[in-house]
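S.K.: Residue numbers (UniProt numbering): 1 to 304. Every residue gets a Cβ at the ideal spot worked out from N, C-alpha and C, and that includes glycine. Questions regarding the structure given below will be posed in turn.
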Amino acid sequence: MNIEHSKRIPISEILSKLNLLPENPGKKELRYLSPWRNEKTPSFYVNIDGNVWFDHGEGIGGDPLSFAQTYLERQNQDCTVSDALRWLNNMAGTIPEIAVFPRAKERHFEREDSPLTLKSNRPLENLGLIRYMEKRGIPLELGKRYFRELRVHNRNTGKRFIALGFENEERGFELRNPLFKACLRPKAISFVRGRTAKPEAIHIFEAGFDYLSAVAMLNGRPLKGDTIILHSVALLKQAMAYIHKYGYRTAYTWLDNDPAGEKATSALAEFFKAEECLTHIPMNSLYAAHKDVNAWHMHELKLG
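As structure tokens, this is what we get:
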């Protein structure tokens with residue numbers, strides 16, 4: 001077994017040998033429960049055409065070899081390339097090989113069957129959405145700067161609903177209302193330019209409400225540095241592309257205080273080390289007693 005050979009082993013067959021079956025068999029993008037953590041909602045995706053995997057819960061992914069290394073590591077076993085190749089060789093047995101495709105981009109992990117269609121996009125006026133936003137500590141004047149009022153049709157249910165929409169760099173929207181959160185494709189990061197022409201700082205938040213909470217704490221004044229809102233830790237690579245060799249001197253991370261947020265912070269820390277003269281300052285200590293920035297902000301305002 002060599003590296004090129006390992007790329008032709010279908011990840012779906014490897015998972016089958018681990019007694020893991022997809023929640024949506026027959027699709028080009030299969031959804032599984034995580035192979036290495038307990039969960040009730042599938043967050044582990046396999047793209048059949050690209051033969052790549054992605055764990056949305058932790059923002060990591062790759063080819064069959066990287067899966068093997070990650071799986072061995074989570075089992076507290078040796079996980080070098082040689083160890084992973086040996087494990088794959090033992091697992092493969094009679095698994096048929098597949099043709100090698102170029103590595104897929106992030107879009108392979110978007111939902112190909114997304115049932116959501118945008119019907120209208122207007123300034124925020126709906127009282128229900130405004131109350132929801134204010135209950136999370138975001139003043140109306142600030143919220144109107146960043147949120148749109150979207151009406152969306154769900155083709156699966158035939159129903160329409162209304163939601164706050166935070167636009168991303170690909171003109172998609174992150175959707176929020178009191179009952180749910182979703183994404184109107186394409187999914188991408190959001191970038192907010194700072195108050196200065198070429199700022200020395202970059203701030204990285206996980207969610208739009210986290211960013212707006214930080215701005216609200218500054219009485220609505222935008223941050224001096226640039227800002228990236230990930231919307232999902234799965235989009236770390238998009239964020240890194242904006243930062244790489246730009247010349248920032250300080251990177252402030254404001255990610256969630258949970259395992260996925262901690263892993264994302266660690267991944268960014270390693271990336272920052274390779275950037276010339278870039279200092280990383282994790283801000284988690286400010287809200288260590290809370291899950292995220294918005295929860296901290298709501299606590300300070302005695303909301304919820």
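For GLN69, which of SER82, GLY59 and GLU58 has the nearest alpha-carbon?
M.R.: SER82
S.K.: Is the beta carbon of LEU129 sitting closer than 8 Å to the one on ASN168?
M.R.: no
S.K.: Hey, is the region 213 to 223 in contact with the region 236 to 247, meaning 3+ C-beta pairs nearer than 8 Å?
M.R.: no
S.K.: Can you name, in chain order, every residue of its own chain whose Cβ lies under 6 Å from the Cβ of MET133, other than the five neighbours on each side?
M.R.: GLY143
S.K.: For ASN294 versus GLY137, is the C-beta distance shorter than 8 Å?
M.R.: yes
S.K.: Shortest alpha-carbon distance to PHE209 belongs to which of ILE202, LYS181 and PRO186?
M.R.: LYS181
S.K.: Pull the bridge partners of PHE54 from the DSSP assignment, please.
M.R.: TYR45 and GLY61
S.K.: If you draw a straight line from the C-alpha of PHE109 to the C-alpha of ARG122, how long is it?
M.R.: For PHE109, the pLDDT reaches just 36, beneath the cut-off of 50, and the residue's location in the model is therefore unreliable, although a value from the coordinates is still provided. In this structure, the CA atom of PHE109 is about 29 Å from the CA atom of ARG122.
S.K.: Rounded to the nearest angstrom, what separates ILE11 and PRO282 at their Cα positions?
M.R.: 35 Å
S.K.: Tell me whether the beta-carbon of SER190 lies closer than 8 Å to the beta-carbon of PHE166.
M.R.: Result yes, Cβ atoms of SER190 and PHE166 sit closer than 8 Å.
S.K.: For residue 305 and ALA260, I'd like the C-alpha separation in whole angstroms.
M.R.: Outside the modelled stretch of the chain, which goes from 1 to 304, sits residue 305, for which no answer is possible.
S.K.: For PRO22, does the count of other Cβ atoms within 10 angstroms reach 16, so buried, or fall short, so exposed?
M.R.: buried
S.K.: CB HIS231 to CB LYS187, shorter than 8 Å?
M.R.: Contact annotation: HIS231 and LYS187 have beta-carbon atoms nearer than 8 Å.
S.K.: Where DSSP assigns a beta bridge to PRO282, which residues make up the other side?
M.R.: For PRO282, which the question treats as bridged, DSSP gives the partners THR253.
S.K.: Once DSSP output is grouped into helix, strand and coil, what is the label at ASN294?
M.R.: In this structure, ASN294 counts as helix in the three-state DSSP scheme.
S.K.: Roughly how far, in whole angstroms, is the beta-carbon of LYS7 from the beta-carbon of PRO64, given that I think they are within contact range, below 8 Å?
M.R.: 6 Å
S.K.: Tell me whether ILE138 sits in a helix, a strand or coil according to DSSP, three-state version.
M.R.: In the structure shown, ILE138 sits in coil (DSSP, three-state: anything other than H, G, I, E or B).
S.K.: Between which two residues does the alpha helix (DSSP H) containing ASP78 stretch?
M.R.: From DSSP, ASP78 is part of no alpha helix (DSSP H); its letter is neither H nor E.
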